[in-house]
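A.B. asks: Before I ask anything, here is the structure I am working with.
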Amino acid sequence: MSKKHFRIERVADAPSLEKTFEPTLQLFKGKGLPVDKVMGYLRDTTEFDLIEKEYLRYVQVRQEIEALLSQGQTWQTVYDSAVSRQELWTLEAFLDAIEAQQGSKIESIDHLSGITEIEDREALASVVTHGRESKYLRALRKAIEDGAVLSDLQQVEPAGFGLAPSWTGSSGEEANKQTMILWAIGEGYVISFRSYDKVSPHLRSIANDLNAPYSVVIDAFEAYHERRKTLHAN
10 MSKKHFRIER VADAPSLEKT FEPTLQLFKG KGLPVDKVMG YLRDTTEFDL IEKEYLRYVQ
70 VRQEIEALLS QGQTWQTVYD SAVSRQELWT LEAFLDAIEA QQGSKIESID HLSGITEIED
130 REALASVVTH GRESKYLRAL RKAIEDGAVL SDLQQVEPAG FGLAPSWTGS SGEEANKQTM
190 ILWAIGEGYV ISFRSYDKVS PHLRSIANDL NAPYSVVIDA FEAYHERRKT LHAN
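Here my numbering runs 9 ahead of the position in the sequence shown, where the first position is 1.
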C-alpha cells in the first residue's frame with residue numbers, strides 16, 4: 010500500500026471526513042450522471058477506489074432521500090424506500106438527512122422517533138448507532154489509505170462520531186474502538202486477507218506497514234473473516 014502524508018485531524022471528527030472526499034464528489038457531479046445511472050457507472054469505472062465508491066453510494070442515497078422529501082413524503086416512506094439495514098451507508102444517509110433538516114444532532118431514539126414518527130424502535134436504534142458506525146469505519150479506513158499507522162488509528166475516538174465507548178455493532182456483536190480498528194484493517198487490506206491464510210509471511214508486511222504488532226494483524230485477519238461471515242448470514 011502506498012503511503013500518503015497522513016494528518017490525524019483529517020479524520021478526528023465526522024465533518025472533516027466529508028472534506029477528504031470533496032474532489033471525488035466534484036468529479037462525480039461533473040459527470041452529470043442521473044441518479045439511476047450512478048450504480049452502473051461505479052461498478053464499471055476504475056476511476057475511484059473502493060472507499061470512494063462506497064462514499065458515492067452514500068451520496069446517491071442522500072440524493073434519493075432529498076428527492077423524496079421534496080415530494081412531501083413522510084420520513085416513514087423515505088425510510089421504507091431508501092434504507093436497507095444491510096447497507097450501512099443508507100442508514101448513515103438517512104440519519105444525516107434528518108440532522109441536516111433539523112440543524113442539530115439526534116440525541117436519542119426517542120428524539121429520532123419524535124421527529125420521524127417512525128414507531129419501530131429497533132429500526133431507529135439501527136439508524137442512530139449503525140449509521141454512525143458506518144461513518145466511523147469509513148474514517149478509519151480512509152486514514153489507513155492515507156498512511157495512518159496503528160497509533161494514529163487509536164487517536165480516532167468513537168465519541169467524535171456520536172458513538173458510545175461500546176455498542177452493539179452491525180454484526181450483532183459488541184463493538185468498540187478496538188474492534189472497529191481491527192475491522193478497518195481488514196477492510197483496508199481486503200485483497201491480502203482474502204488471498205492469504207493467517208500463517209502467510211505476507212501478513213508480516215502488513216504489520217510493518219501499520220507499525221503494529223503481528224498479533225494485531227492476526228486479530229484483524231480473524232475479525233475480518235468472522236465479520237464477513239456474520240454479515241452474509243444476516
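Backbone N, C-alpha and C fix where the C-beta goes; we use that ideal spot for every residue, glycine too.
From a predicted model like this one, the values you see are computed outputs, not experimental measurements.
Please go through the same chain and pick out, in chain order, the residues whose beta-carbon is closer than 7 Å to the beta-carbon of S135, but skip the five residues on each side of it.
C.D. replies: Around S135: R94, L100.
A.B. asks: Looking at the structure shown, is E231 part of a helix, part of a strand, or coil, going by DSSP?
C.D. replies: In the structure shown, E231 sits in a helix (DSSP, three-state: H, G or I).
A.B. asks: Could you tell me the boundaries of the alpha helix (DSSP H) in which A134 lies?
C.D. replies: A134 -> alpha helix (DSSP H) spans 130-154.
A.B. asks: Looking at Y223 and R213, is the spacing between their C-beta atoms short of 8 Å?
C.D. replies: Yes, the Cβ-Cβ distance between R213 and Y223 is below 8 Å.
A.B. asks: Which of the three DSSP states is assigned to R101 in this structure?
C.D. replies: A small fix is needed here, since residue 101 is Glu in this sequence, not Arg. Note: E101 maps to helix in three-state DSSP.
A.B. asks: Output yes or no for whether 8 Å exceeds the beta carbon distance between Y145 and G195.
C.D. replies: No; because the gap between Cβ atoms is not below 8 Å, this pair is not in contact.
A.B. asks: Does the contact criterion of 3 or more C-beta pairs under 8 Å hold for the stretch 106-126 versus the stretch 59-67?
C.D. replies: Too few Cβ pairs lie closer than 8 Å, so no.
A.B. asks: What is the C-beta distance between A152 and V137, in whole angstroms, given that I count them as a contact (C-beta under 8 Å)?
C.D. replies: That pair is no contact at about 23 Å.
A.B. asks: Check each candidate in P167, S179, S180, G181 and name the one with the smallest Cα separation from Q187.
C.D. replies: The candidate whose alpha carbon is nearest that of Q187 is P167.
A.B. asks: Comparing alpha-carbon positions, which option in V158, Y198, H139, A221 lies nearest E182?
C.D. replies: Cα-wise, what sits closest to E182 is H139.
A.B. asks: Taking its Cβ as the centre, do 16 or more other Cβ atoms sit within 10 Å of A173, making it buried, or is it exposed?
C.D. replies: Per the 10 Å Cβ criterion, exposed.
A.B. asks: My output table needs one value for T83: the three-state DSSP class, helix, strand or coil.
C.D. replies: Three-state DSSP puts T83 in coil, outside helix and strand.
A.B. asks: Taking E61 as the reference, give the member of S175, V226, G197, H120 with the closest Cα.
C.D. replies: E61 has its Cα closest to that of G197, out of S175, V226, G197, H120.
A.B. asks: For A109, count neighbouring Cβ atoms within 10 angstroms of its own Cβ and tell me buried if that reaches 16, exposed if not.
C.D. replies: A109 comes out exposed.
A.B. asks: Rounded to whole angstroms, what is the Cα-Cα separation between T86 and Q163?
C.D. replies: Taking the straight line joining both Cα atoms gives about 39 Å.
A.B. asks: By alpha-carbon positions, which one of A193, T177, E75 ends up nearest to D105?
C.D. replies: Measuring from the Cα of D105, the nearest candidate turns out to be E75.
A.B. asks: Looking only at its chain, what residues have a beta carbon closer than 8 Å to the beta carbon of L77, apart from the 5 residues adjacent to it on each side?
C.D. replies: These residues qualify, in order along the chain: T86, V87, S90, A91.
A.B. asks: Got a sec, what are the start and stop residues for the beta strand (DSSP E) E183 sits in?
C.D. replies: 183-185 is the span of the beta strand (DSSP E), which, as asked, contains E183.
A.B. asks: Starting from S214, trace the alpha helix (DSSP H) both ways and give me its first and last residue.
C.D. replies: Here the alpha helix (DSSP H) through S214 covers 211-219.
A.B. asks: Pick out whichever of L191, I190, W176 has its Cα sitting closest to the Cα of A184.
C.D. replies: Nearest of L191, I190, W176 to A184, Cα basis: W176.
A.B. asks: Helix, strand or coil for S224, going by three-state DSSP, please let me know.
C.D. replies: Residue state, collapsed to three classes: helix.
A.B. asks: Leaving aside the five residues before and after R150 along the sequence, list all residues of the same chain whose C-beta is less than 7 Å from its C-beta, in chain order.
C.D. replies: Taken in chain order, the residues that qualify are I60, A193, E196, G197.
A.B. asks: Exposed or buried, which one is E131 when buried takes at least 16 other CB atoms within 10 Å?
C.D. replies: E131 should be labelled exposed.
A.B. asks: If we count the other Cβ atoms within 10 Å of its Cβ and call it buried at 16 or more, is K12 buried or exposed?
C.D. replies: Bear in mind that the predicted position of K12 carries a pLDDT of just 44, short of 50, making it too unreliable to give a figure here.
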